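J.:
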Amino acid sequence: MSIRIITPGLSTTVQDLGRPGYYHIGIPLSGAMDMLAAQSANLLVGNPEGAALLEVVFMGPEVEFQRDATVAVTGAELPPKINGEERPTWTSFAVKKGDVLSFAFLKKGARAYVAISGGIDVPVVLGSRSTYTLGALGGFEGRKLAAGDVLPLGEAGNIREGRTVPEALRRSPGSPAELRILTGIYWHRITEASGRQFLADTWKVAPEADRIGYRFRGGKPLDFVTREPPFGAGSDPSNIVDACYPYGSIQVPSGTEPIVLHRDAVSGGGYFMVGAVISADMDLIGQLQPHMPARFEAVTMEQALLARNDRSRLIDRIRQALA
Amino acid sequence: MAKHLLSPLPGTFYRKPSPDAPFYKDVGDTVAQGDVIGLIEVMKSFNEVRAEQAGTITAFLADDEEPVMAGQPLVELG
Numbered sequence: 030m031s032i033r034i035i036t037p038g039l040s041t042t043v044q045d046l047g048r049p050g051y052y053h054i055g056i057p058l059s060g061a062m063d064m065l066a067a068q069s070a071n072l073l074v075g076n077p078e079g080a081a082l083l084e085v086v087f088m089g090p091e092v093e094f095q096r097d098a099t100v101a102v103t104g105a106e107l108p109p110k111i112n113g114e115e116r117p118t119w120t121s122f123a124v125k126k127g128d129v130l131s132f133a134f135l136k137k138g139a140r141a142y143v144a145i146s147g148g149i150d151v152p153v154v155l156g157s158r159s160t161y162t163l164g165a166l167g168g169f170e171g172r173k174l175a176a177g178d179v180l181p182l183g184e185a186g187n188i189r190e191g192r193t194v195p196e197a198l199r200r201s202p203g204s205p206a207e208l209r210i211l212t213g214i215y216w217h218r219i220t221e222a223s224g225r226q227f228l229a230d231t232w233k234v235a236p237e238a239d240r241i242g243y244r245f246r247g248g249k250p251l252d253f254v255t256r257e258p259p260f261g262a263g264s265d266p267s268n269i270v271d272a273c274y275p276y277g278s279i280q281v282p283s284g285t286e287p288i289v290l291h292r293d294a295v296s297g298g299g300y301f302m303v304g305a306v307i308s309a310d311m312d313l314i315g316q317l318q319p320h321m322p323a324r325f326e327a328v329t330m331e332q333a334l335l336a337r338n339d340r341s342r343l344i345d346r347i348r349q350a351l352a
Numbered sequence: 420m421a422k423h424l425l426s427p428l429p430g431t432f433y434r435k436p437s438p439d440a441p442f443y444k445d446v447g448d449t450v451a452q453g454d455v456i457g458l459i460e461v462m463k464s465f466n467e468v469r470a471e472q473a474g475t476i477t478a479f480l481a482d483d484e485e486p487v488m489a490g491q492p493l494v495e496l497g
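Protein chains in written order, with my numbering: chain A, 30 to 352; chain B, 420 to 497.
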């Protein structure tokens, strides 16, 4: 029992909630960039929240079902169609064996999550079914999907069509997107005025932004405090002695274009980081299209932890709404 | 009614294959279904935009190097 990929879209991958625990040896978290949307999609079709699903970026695939199933599409507003007939997003619907799922043009957001009852039953690698394409690890053969791929499905429970995540429980970035950050241990490397400017500027998502890192441009280049490079650091003022890169950290190579490291990021290197996007706002980054405006807002650790609690409560409310 | 060729992706639209190459197509050119009319740059890749219908180009509705949204009209066909 499976699905067959007719056309793959731009970059469709199998993802779940990721592969934490190996970042210290260079294997990134991977998993859905918008976790809330992925969990919602699974709950809509009656799957465990961590079941493997499809992450679809900007352009939808065409998929043929080789058995009956319940399907839900969440995250980006990428309207699904069954045999050419449109279906709602954030709502579960039934498909029959032989049906073809396709998509209309993207209306809003960047990544849609396609959950299928039973989940996608690719092998578990290091505790996860997520695809890490750079490392050719996990997912379907460690790569993005291609035409002709046949993906096995797990055993499905009861049909759960017609269930919806209430609109109040769907989270998406505003315009400009407000990304809350904690400034970090290298903040002192830039001047006070430059730090204020960084937080005041409106940046734009660069077209290169992907699962590894979200690059932004359009703000003023950073001014560094002059120094003698410490032993082991490169000569560029943005260089540091190699250090760990946390998930969500914001590096600014040569002080020009901030890059927020995301689910498929490298785990260390020699660029200074101004800080890190708080965990509660990482989902929002996954929904940013190229050229969209974004701002960074500094918050305290206490505010970051409150935001993390708010996000946990939101997941609880989604669970209750779909129980 | 004018027909439009739409962008399949959000990103940056390019009308030529490389900076010093000529445009793929110009106003007045005919396009056949499947002809490349430009590129969309997104996620470190350049994706060809192919005409989904045939016709004669009467206008470009997006400029070279212009940011575009998915579903945005790029070309008007007469």
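Idealized CB from N, CA, C, for every residue including glycine. Model, not experiment: these values are computed from the prediction.
So does the stretch 449-457 of chain B actually touch the stretch 70-79 of chain A, counting three or more Cβ pairs closer than 8 Å?
T.: Touching, no, given that fewer than three Cβ pairs across the two stretches are closer than 8 Å.
J.: Looking only at its chain, what residues have a beta carbon closer than 7 Å to the beta carbon of D230(A), apart from the 5 residues adjacent to it on each side?
T.: Against the first sequence, residue 230(A) aligns to sequence position 201. For D230(A), where only same-chain residues beyond five positions count, the Cβ hits under 7 Å are G248, K249.
J.: Quick one: complete alpha helix (DSSP H) runs, 4+ long, within the stretch 206-257 of chain A?
T.: Those alpha helix (DSSP H) runs which fall completely within the stretch 206-257 of chain A and span 4+ residues are 221-229.
J.: For P314(A) versus D178(A), is the C-beta distance shorter than 9 Å?
T.: Within the first sequence, numbered from 1, the residue matching residue 314(A) stands at position 285. Within the first sequence, numbered from 1, the residue matching residue 178(A) stands at position 149. Here the sequence assigns Ile to residue 314(A), which means Pro is not the residue at that position. The answer is no: Cβ separation not under 9 Å.
J.: Out of curiosity, what's the CA-to-CA distance linking Y322(A) and A206(A)?
T.: Here residue 322(A) corresponds to residue number 293 of the first sequence, with the count starting at 1. Here residue 206(A) corresponds to residue number 177 of the first sequence, with the count starting at 1. The amino acid occupying residue 322(A) in the given sequence is Pro; Tyr does not appear at that position. The straight-line gap from Cα to Cα measures roughly 6 Å.
J.: DSSP on G261(A), reduced to helix/strand/coil?
T.: If you number the first sequence from 1, residue 261(A) lands on position 232. In the structure shown, G261(A) sits in coil (DSSP, three-state: anything other than H, G, I, E or B).
J.: Tell me the DSSP secondary structure of L424(B) in three-state form.
T.: For this step, residue 424(B) is matched to residue 5 along the second sequence. In this structure, L424(B) counts as strand in the three-state DSSP scheme.
J.: Pick from Y274(A), E286(A), E84(A), I288(A): whose alpha carbon is nearest that of S296(A)?
T.: Within the first sequence, numbered from 1, the residue matching residue 296(A) stands at position 267. Per the Cα distances, Y274(A).
J.: May I have the straight-line CA-CA distance separating N71(A) from G186(A), to the nearest angstrom?
T.: In the first sequence, the residue the question calls residue 71(A) occupies position 42. In the first sequence, the residue the question calls residue 186(A) occupies position 157. N71(A) and G186(A): Cα-Cα distance of roughly 12 Å.
J.: Give the residues from the stretch 438-469 of chain B that approach chain A closer than 9 Å (Cβ to any Cβ), ordered along the chain.
T.: Result list: I459, E460, V461, M462, K463, S464, N466.
J.: Take every Cβ of the stretch 137-156 of chain A, pair it with every Cβ of the stretch 47-64 of chain A, and state whether three or more of those distances are shorter than 8 Å.
T.: Cβ pair count under 8 Å is three or more, so yes.
J.: Can you find a CB in chain A that lies within less than 9 Å of the CB of L493(B)?
T.: Translated into positions along the second sequence, residue 493(B) becomes position 74. So, not an interface residue.
J.: Spell out whether any CB of chain B is found under 9 Å from the CB atom of V86(A).
T.: Within the first sequence, residue 86(A) is the residue found at index 57, counting from 1. Yes, V86(A) lies at the interface with chain B (some Cβ there is under 9 Å from its Cβ).
J.: Output needed for A305(A): all residues of its chain with C-beta closer than 7 Å, excluding positions within five of it in sequence on either side, in chain order.
T.: By one-based count along the first sequence, residue 305(A) stands at place 276. Same-chain partners within the cutoff: I210, L211, G213, P275, G277, S278, I279.
J.: Hey, G164(A) and I56(A): beta-carbon distance below 9 Å or not?
T.: To locate residue 164(A), count along the first sequence from 1; it is residue 135. To locate residue 56(A), count along the first sequence from 1; it is residue 27. Result yes, Cβ atoms of G164(A) and I56(A) sit closer than 9 Å.
J.: For a test of the three-state rule: what should DSSP assign to M330(A), helix, strand or coil?
T.: Looking up residue 330(A) in the first sequence gives position 301. The answer is helix: DSSP assigns M330(A) an H, G or I state.
J.: Beta carbon of A272(A), beta carbon of D252(A): below 9 Å?
T.: Within the first sequence, residue 272(A) is the residue found at index 243, counting from 1. Within the first sequence, residue 252(A) is the residue found at index 223, counting from 1. Taking 9 Å as the Cβ cut-off, A272(A) and D252(A) do not qualify as a contacting pair.
J.: Is the CB-CB distance between G183(A) and F122(A) below 9 Å?
T.: For the purposes of this step, residue 183(A) is taken as residue 154 along the first sequence, with counting starting at 1. For the purposes of this step, residue 122(A) is taken as residue 93 along the first sequence, with counting starting at 1. The answer is no: Cβ separation not under 9 Å.
J.: Does Y52(A) come out as helix, strand or coil in the three-state DSSP assignment?
T.: Numbered from its first residue, the first sequence carries residue 52(A) at position 23. In the structure shown, Y52(A) sits in a helix (DSSP, three-state: H, G or I).
J.: Cβ of P319(A) within 9 Å of Cβ of P486(B)?
T.: In the first sequence, counting from the first residue as 1, residue 319(A) sits at position 290. In the second sequence, counting from the first residue as 1, residue 486(B) sits at position 67. In this structure, P486(B) lies closer than 9 Å to P319(A) by Cβ.
J.: List the whole-angstrom C-beta distance separating Y215(A) from M302(A), where the pair is believed to meet the contact cut-off of C-beta under 8 Å.
T.: Translated into positions along the first sequence, residue 215(A) becomes position 186. Translated into positions along the first sequence, residue 302(A) becomes position 273. Indeed they touch by this definition, with Cβ atoms about 6 Å apart.
J.: Using a Cβ-Cβ cut-off of 8 Å (strictly less than) and excluding sequence neighbours within five positions of E115(A), which residues of its own chain qualify?
T.: Within the first sequence, numbered from 1, the residue matching residue 115(A) stands at position 86. P108, P109, A133.
J.: Sort S59(A), I54(A), V92(A), D239(A) by Cα distance to R48(A) and report the nearest one.
T.: Counted from its first residue, the first sequence places residue 48(A) at position 19. Answer by Cα proximity: S59(A).
J.: For the stretch 239-250 of chain A, list every residue whose C-beta sits within 7 Å of some C-beta in chain B, in sequence order.
T.: For the stretch 239-250 of chain A, which is checked against every Cβ of chain B, the residues closer than 7 Å are D239.
J.: Measuring alpha carbon to alpha carbon, tell me which of S464(B), L493(B), V468(B) ends up nearest D482(B).
T.: Along the second sequence, read from residue 1 onward, the residue named residue 482(B) stands at position 63. Closest option to D482(B), Cα to Cα, is L493(B).
J.: Taking Cβ positions only, does A139(A) come closer than 9 Å to chain B?
T.: Numbered from 1 along the first sequence, position 110 holds the residue referred to as residue 139(A). So yes, A139(A) belongs to the interface.
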